[in-house]
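J.:
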Amino acid sequence: MTEFQTNSPGDFETVQDTVWKQEIAFIDAVPRWLAMSFVFVVFIGSWQLVTALELVSPIILPTPMETLNDMIFVGKNLLTGGYMLGALWITIQEVIYGFALAIAIGFSLGVLVGETAFGEKAVMPYLVAIDTMPKVAFAPLFVAWLGFGIESKVALAAFIATFPIVVGTAAGLHSADENARMLFKTMGASRMQTLIKMKLPTGLPQVFTGLKIGAVGVMAGAITGEFLGGGKGFGELIRVAASQLNTPRVFSLILYLSLVGLAVFAAVSWTQRKVVFWHKERVGAGDA
Amino acid sequence: MTEFQTNSPGDFETVQDTVWKQEIAFIDAVPRWLAMSFVFVVFIGSWQLVTALELVSPIILPTPMETLNDMIFVGKNLLTGGYMLGALWITIQEVIYGFALAIAIGFSLGVLVGETAFGEKAVMPYLVAIDTMPKVAFAPLFVAWLGFGIESKVALAAFIATFPIVVGTAAGLHSADENARMLFKTMGASRMQTLIKMKLPTGLPQVFTGLKIGAVGVMAGAITGEFLGGGKGFGELIRVAASQLNTPRVFSLILYLSLVGLAVFAAVSWTQRKVVFWHKERVGAGDA
Amino acid sequence: MKPAVALEYSGAPVGAPVYDLAHVSKTYARNAVVALEDVSLTLRKGSFTSVIGSSGCGKSTLLKIMAGLIPPTKGRVVLQGVPVTGPRRDIGMMFQQATLFPWKTAVENIVLPIEIRDGKAAAKKAVEKAHQLLDVVGLKGFENVYPNELSGGMAQRASICRMLITEPAVLLLDEPFSALDELSRDMMNMELQRICREQNATAFLVTHSIQEAVILSDEIVVMKPRPGRIAEIVEVDLPRPRTLDMMTTPKFGEIVDYIRGLLDKGEDM
Amino acid sequence: MKPAVALEYSGAPVGAPVYDLAHVSKTYARNAVVALEDVSLTLRKGSFTSVIGSSGCGKSTLLKIMAGLIPPTKGRVVLQGVPVTGPRRDIGMMFQQATLFPWKTAVENIVLPIEIRDGKAAAKKAVEKAHQLLDVVGLKGFENVYPNELSGGMAQRASICRMLITEPAVLLLDEPFSALDELSRDMMNMELQRICREQNATAFLVTHSIQEAVILSDEIVVMKPRPGRIAEIVEVDLPRPRTLDMMTTPKFGEIVDYIRGLLDKGEDM
Amino acid sequence: TAQDLRDITFVQPSPSAINSFPVFVAIGEGYFEEEGLNVTVEAINGSGAVLQALSAGQAHFGRPGPGPLLAARSRGVDAVHIYNVAARSNFGIAVPQDSEIQSVEELKGKVIGTGTADGAEVGFARNVMTGANMSEGADFEFLTVGDGGPATAAFMNGEIAAYSSSTADTAILNQRGMAVRDITPVEFGRFFGNGIATMAETIENDRDLVEAWSRAFAKGHAFALDDANREAVLAHLAAGNPQEGEDKEFQSALFDAVRSKTIPTDDSKHLGWYPAEVWKEWEDALVKGGEISGPLDDLSAAWTNEFAEIGNAAVGE
Ligand SMILES: Nc1ncnc2c1ncn2[C@@H]1O[C@H](COP(=O)(O)OP(=O)(O)OP(=O)(O)O)[C@@H](O)[C@H]1O
Ligand SMILES: Nc1ncnc2c1ncn2[C@@H]1O[C@H](COP(=O)(O)OP(=O)(O)OP(=O)(O)O)[C@@H](O)[C@H]1O
Ligand SMILES: [Mg+2]
Ligand SMILES: [Mg+2]
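Chains as they are written, first to last, in the working numbering: chain A, 1 to 288; chain B, 289 to 576; chain C, 577 to 845; chain D, 846 to 1114; chain E, 1115 to 1431.
1. With respect to the alpha helix (DSSP H) encompassing C:T778, which residues constitute its N-terminal and C-terminal limits?
2. Using DSSP bridges, identify the partner residues of E:D1118.
3. Using the C-alpha atoms, what's the distance from E:D1320 back to A:K29?
4. Let me check you understand the geometry: is the CB of D:S905 closer than 6 Å to at least one non-hydrogen atom of ligand 1?
5. Buried or exposed for E:R1187, please, with buried defined as at least 16 other CB atoms from any protein chain shown within 10 angstroms of its CB.
6. Tell me whether C:D614 sits in a helix, a strand or coil according to DSSP, three-state version.
7. Using a Cβ-Cβ cut-off of less than 9 Å, list which residues of the segment 638-652 of chain C approach chain B; keep chain order.
8. Along chain B, in chain order, which residues have C-beta atoms closer than 7 Å to that of A:K212?
9. Measuring from the CB of A:N179, is there a heavy atom of ligand 5 at a distance below 6 Å?
10. Residues in the same chain with beta-carbon distance under 7 Å from E:D1192, minus the five sequence neighbours each way, listed in chain order, please.
11. Closer than 6 Å to a non-hydrogen atom of ligand 4 - does that hold for the CB of A:G106?
12. Classify B:T559: buried if its beta carbon has 16 or more other beta carbons within 10 angstroms, exposed otherwise.
13. On the three-state DSSP scale, how would you describe C:Y604?
14. A:I160 to B:V344, Cα distance in whole Å?
15. Which runs of the alpha helix (DSSP H) fall wholly inside the segment 109-174 of chain A and span at least 4 residues, in chain order?
16. Residues of chain B with CB under 7 Å from C:G662, in chain order?
17. Out of E:V1242, E:A1346, E:S1128, E:L1351, which has the shortest C-alpha to C-alpha gap to E:V1164?
18. Please decide whether B:G518 counts as near chain E, where near means a Cβ-Cβ distance under 7 Å.
19. Under 7 Å, Cβ to Cβ, is there at least one residue of chain D near B:M475?
20. At a threshold of 6 Å, does C:S631 count as lining ligand 4 (C-beta to nearest heavy atom)?
21. For E:A1311, list the residues DSSP reports as bridge partners.
22. Does the beta carbon of D:A857 sit closer than 7 Å to a beta carbon anywhere in chain B?
23. Listed in chain order, which residues of the segment 311-331 of chain B have Cβ atoms closer than 9 Å to some Cβ of chain C?
24. Looking at A:F107 and A:V218, is the spacing between their C-beta atoms short of 7 Å?
25. Residues of the segment 483-516 of chain B with a CB closer than 8 Å to any CB of chain A: list them in chain order, please.
26. Determine, using beta carbons only, whether A:F265 and A:A189 come nearer to each other than 7 Å.
27. For B:I347, which residues from the same chain have a beta carbon less than 7 Å from its beta carbon, with the 5 sequence-adjacent residues on both sides left out?
28. Scan the segment 872-888 of chain D for residues whose Cβ lies nearer than 8 Å to a Cβ of chain C and list them as they occur along the chain.
29. For A:M65, count the other beta carbons within 10 Å of its own beta carbon; 16 or more makes it buried, fewer makes it exposed. Which is it?
30. Can you pull the chain D neighbours of C:M730, defined as C-beta to C-beta under 7 Å?
31. For C:T824, count neighbouring Cβ atoms within 10 angstroms of its own Cβ and tell me buried if that reaches 16, exposed if not.
32. By DSSP, does D:H868 sit in helix, in strand, or in coil?
33. Against chain C, with Cβ distances strictly below 7 Å, would A:A288 count as a contact?
34. So with CB distances below 9 Å, who are the chain C contacts of D:V1108?
35. Under 8 Å Cβ-Cβ, which residues of chain D neighbour B:Q481?
36. Considering Cα atoms alone, identify which of C:P593, C:G591, C:Y604, C:L597 is closest to D:E994.
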């Protein structure tokens, strides 16, 4: 039998309130800015250390300082509407269009795969097979058909981002439970209605997992596209800088690029919070 | 008020059984081999058409026949233990180790991100930022630290496959419902116990979504690693063939590679079915 | 099967047969549990039938088979002269677990069947009716609340509203009032009776409350477990409409006791 | 608050106070619903207290506050002389929704609290006891079945076993028997009484069945809704141990009627 | 015996064995072994990566282009070219066979495609165009089209009029039925291309190694230049890259194209010899193109002919 704590009762007659708050573990209580700064400092610190100890050649890894200086340079160019801004804008367009395309295709295929046995049995294996293939093989095809404009990069970006969305959507459609399915059957819902009004909302958390991974993939896809199929985007600037062994520039460019990636990811996360409002994402022990 | 069907009752006195089966829509009833063959035929058919109409240069897209011939050649080499077999084996090793590493790291980070506010607020943004960065920038670092052996490719493969696993795991940890959380609290479960015995099992479907996407990513990562960091794997063969515009070879090699990808993906799917046995993945209208 | 001869009988349901079950059996393939064995049953138009039986004796299974949600292993199920071989629109069903969708408010959940049957516009028009139904079940003021802010009993009551909104001709109810207090339950029983009479609906109710079964039903199907079979079908000859004060009449007590007796025996069977 | 003077009183709980609630209020921030207002209550060691009140009057909320799962907005909760400011191990709680984990069999679900408290080895040893408990609740033969193969009432009974296995000193039960038939319910009531007596446990039971409340309790807390408050605390002076045939005694009927009266009034308050 | 051999890594910027044929011939003929070296070849992605691998100490020798080497030097990486492999430049500007364009002057107002692997061909093309008195932007445009497939696509879509690429790429296009014609004026052959490089540190601390390497390499080079050895050479290349050796005709044609560019323009000089004045020209071109920010402090430290001489001396033996 569970042992009682030994304080004698009655001691608390005078206690007025035992209103309490969910205990929040230290690790969860750290404010965001502090936590981020901490990681930042650790990050930059080790980077500085690696370069200061000359563990690695400066043409492989620049120092944080060099990178910062170059970021200021690049930043100025961007702010004053220099050529880099144009390049960044091209890449941003590729990312946006690519993501939109990936969402449209990935979602449709995800529904096909998640909803029909045909999709699951016959389409999915091909999707997996295609997605494991190195994209270099397709870059020439995209270029041949779509040219060197942003179209071919959009296609490649979408290509890479599609698969996670397919997997997420398909998994989401499987997550509805027995009761909900039965309920929809008794309501005489058509397959389409069951899909749209029940399975999809239920599966949204999984769909968003796919979208988040896709959001990051689309960035990689656009840059890969620019590497393989040329063009005038940010990836091209990176490539040129890399071929010139201008590593501070390479790093400063990719840091700017990662801000774009963060923005896309943040947009997806924000949408998720708005759309899946009933599914409170709760973190840590301090959840009530 | 719902209208009744108009058959007069009593007609069915003689009916013995109305044992029925879940109606399976045509699209779900097609047997796997037929469905796969159908997609295959459509696939190869359009491919054949594109090449037959010379919509694209043979240097960019070989004909299915050329590719098949080359696949036979490559197949022979593989079966007779030729140089390609060695290369394939290297790549398979990279994929296996890379995936294992990605699972270990991705899962740990996923738990950190999904379980602690610190992870979510401070670590995740950095993961997103790093993952959006083009991997080319890191390939030299990996080579510098890990050399030309499979280690550097394993690292890059793991790098690419980690992120989906992080996102999947973190999302999975958020999927436990209020009741289960409260139940664990009343049982006096520690945070660790709640994590391991409740949140993780509950979140497994999402974890597997991440693993599936990662399984495909790890393949791409290993090949990217070989493209950028040398080595003697299958990616190297593809690169040689591509640089020589030997497109039938490129396509036949990547088709073989995609079989490896399929195998990895299938292994993950199989594991999911075994591990998440209570979460029947049901497809189509024919679910009971 | 012993008929309910012990009770004077008057006022059996006289409508045309609506449901006709003959020799229905169900074995769950997964664990080879025989949930139902040779269940035969006829429900007549406008009648109210209750099922009572110990936990696990196959009541929910029976309802699901009648609703065409799961196929029987053997036997015949005919509804309105048409064999049941899948879910049917002319049925309103309420499940044992109240399943409200968390992304919809109470009212949105309630008009969902209308939305599915007749589209969004119709659903919009049905909001007024949903409000009325919520009012009837005592949930006025909770129209726009999301399900996770409702108590257990409130969620159950909202589910009832969802079933009622389409005014189905046949109601299948699986312990619809289990989370309600006696008072609300009595009130809901009377409302249910009123609605069934108004719409001349045929009702089939799973319950664990003998009182509830007796006050509502024309016939009570008493089941015994393992495998689930019908022990007896008891006819309740209390006059219609039933009122709550009938519960204090000796006849009511008699029937209740008779059924309790059947259930007691069922345990050893 | 009118005391239960109408009833002769004899046999109040005499143990030391275990739970002490004073002026507990709870307002849900999200929708500003006042779920509880100024609830004061003392539970004594070994006593059995029931809460009864209409659906949505705050019973589940009260239990969650007592269990330290959600904080009160105002007021004091002291358990065993220690303020409750979070979940406590000395409590066994059963929720209104039976939450069994689908990846564990019935027995595995039941020994889970042991596994969490004392580790895998202890859980393994507790399997024997889990079997006994399953037997007590009539689930012999379903030990290794997964939850989705159980009926509603079976799942509820398995949850009860899970709560009982740690032999907690304080039991908080939220409508634990709502999905059970009367017979099983009566049987479970007697088992619960036996277990509480054996372990000298303090029990706090939410129920909608006045009969159940009366047969089990030393005190019955009658609540009225919106906001949830205590209408009256009725003491039940039936001798211990209670037996099922006490339910037919006039005194039992008197108390039941008295409480029904309180609840009826509660509706208009 | 094999155990006593020293393991040496050589990195090349592209996967083809033919582009680094002297190495494979030297391996195949056992020249390295004679010097006590066991050479492993790694193919990575472009000259930049080659220099990164060298500076990281992951490789002992590499075959970067002169442009990237100067860029690396300008960033404080003391890499040194010790053997001029592509003495006659391994770059060229090509147009489709049936194109009306006959000379670089006619490229005015056109778009010139450039590859992606190296970045060196851009510098080369700029040199050529500057030589024809044209400047980027005003008179012509560069468009990065990547190598192989995309370049072909660019030609076929008419998106580019000419393609600045490596000799090998041009040969490959021809072999694959995309007939192209090199219109680079002969004098630009002086802009030598990729050569063998190592770190100054290696030269200083491990001089014996560099000498041993150079001897074996030069012997391999000389062996391959002798037509009598053709069969053996192709066999060595196929051993180094079996896939490349599968199509004999293709391999042979590619080898010819590459080999022809390795013979010094000034035939009075030995194999691997570097002309100092062209280094200066390269530097100017890079400064003009912005690849490096200004002239190097000591351009002459970027290369040495010393080891090529030692190598050539060994050939005679
Ligand atoms: N998580 C929540 N957020 C907001 N409001 C809530 C929440 N939980 C309960 N409520 C509200 O608090 C009130 C009391 O709910 P509670 O669940 O305590 O009722 P109850 O007495 O247990 O009812 P029942 O008998 O139906 O289970 C209700 O009005 C309900 O709408
Ligand atoms: N999906 C299932 N798979 C396997 N067995 C099942 C399944 N559903 C129910 N059973 C079994 O069938 C029997 C009847 O279950 P059912 O749910 O019909 O009982 P019930 O009468 O509704 O019980 P309760 O009153 O507890 O809800 C039980 O023994 C149960 O274990
Ligand atoms: Mg049931
Ligand atoms: Mg409740």
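For each residue, glycine too, the CB sits at the ideal point set by N, CA and C.
T.: Reading it off the structure:
1. Careful: C:T778 lies outside any alpha helix (DSSP H), inside the beta strand (DSSP E) at 778-782.
2. None, per the DSSP bridge assignment.
3. The displayed chain sequence assigns Ala, not Lys, to residue 29 of chain A. Taking the straight line from one Cα to the other gives about 57 Å.
4. In this structure, D:S905 has its beta carbon less than 6 Å from a heavy atom of ligand 1.
5. It counts as buried.
6. C:D614 falls in the strand class under three-state DSSP.
7. From the segment 638-652 of chain C, only G644, L645, I646, P647, P648, T649, K650, G651, R652 have a Cβ closer than 9 Å to chain B.
8. For A:K212, the residues of chain B that pass the 7 Å Cβ criterion are V455, in the order they occur in the chain.
9. Ligands displayed in this structure: ligand 1, ligand 2, ligand 3 and ligand 4; ligand 5 is not among them.
10. For E:D1192, where only same-chain residues beyond five positions count, the Cβ hits under 7 Å are M1313, A1314, E1315.
11. Incorrect: A:G106 has no Cβ contact closer than 6 Å to ligand 4.
12. B:T559 counts as exposed, since fewer than 16 other C-beta atoms from the protein chains shown sit within 10 angstroms of its C-beta.
13. Looking at C:Y604 - three-state DSSP - the assignment turns out to be strand.
14. Distance between the alpha carbons of A:I160 and B:V344 is about 23 Å.
15. Here the runs fully enclosed are 124-132, 139-146, 150-173.
16. Here the neighbours are W308, E311.
17. The residue among E:V1242, E:A1346, E:S1128, E:L1351 with its C-alpha nearest the C-alpha of E:V1164 is E:S1128.
18. True, the Cβ-Cβ gap to chain E drops below 7 Å.
19. Any Cβ of chain D closer than 7 Å to the Cβ of B:M475 would place that residue at the interface, and such an atom is present.
20. Because no heavy atom of ligand 4 lies under 6 Å away, the Cβ of C:S631 does not count as near it: no.
21. Bridge partners of E:A1311: E:G1176, E:H1195.
22. Its pLDDT being 46, under 50, D:A857 is placed unreliably in this model, and the value from its coordinates should be taken loosely. False, the Cβ-Cβ gap to chain B never drops below 7 Å.
23. From the segment 311-331 of chain B, only E311 have a Cβ closer than 9 Å to chain C.
24. Cβ atoms of A:V218 and A:F107: not closer than 7 Å.
25. Within the segment 483-516 of chain B, the qualifying residues are P493, Q494, F496, T497, G498, K500, I501, V504, M507, A508, I511, T512, F515.
26. Against a cut-off of 7 Å, the Cβ pair of A:A189 and A:F265 comes out as no contact.
27. Within the same chain, B:I347 has close Cβ partners L533, T535.
28. Flagged, chain order: Y873, R875, N876, V878.
29. Exposed, since its Cβ has fewer than 16 Cβ neighbours within 10 Å.
30. Result: S900, G901.
31. C:T824 comes out exposed.
32. Strand, per DSSP.
33. Note on A:A288: pLDDT 35, under 50, position unreliable in the model; the coordinate value appears next. Chain C places no beta carbon closer than 7 Å to that of A:A288, leaving this residue out of the contacts.
34. The question names Val, yet the displayed sequence has Leu at residue 1108 of chain D. Per Cβ cutoff of 9 Å: D757, E758, L759.
35. Under the 8 Å cutoff, chain D gives I961.
36. Measuring C-alpha to C-alpha distances from D:E994 to each of C:P593, C:G591, C:Y604, C:L597 identifies C:Y604 as the nearest.
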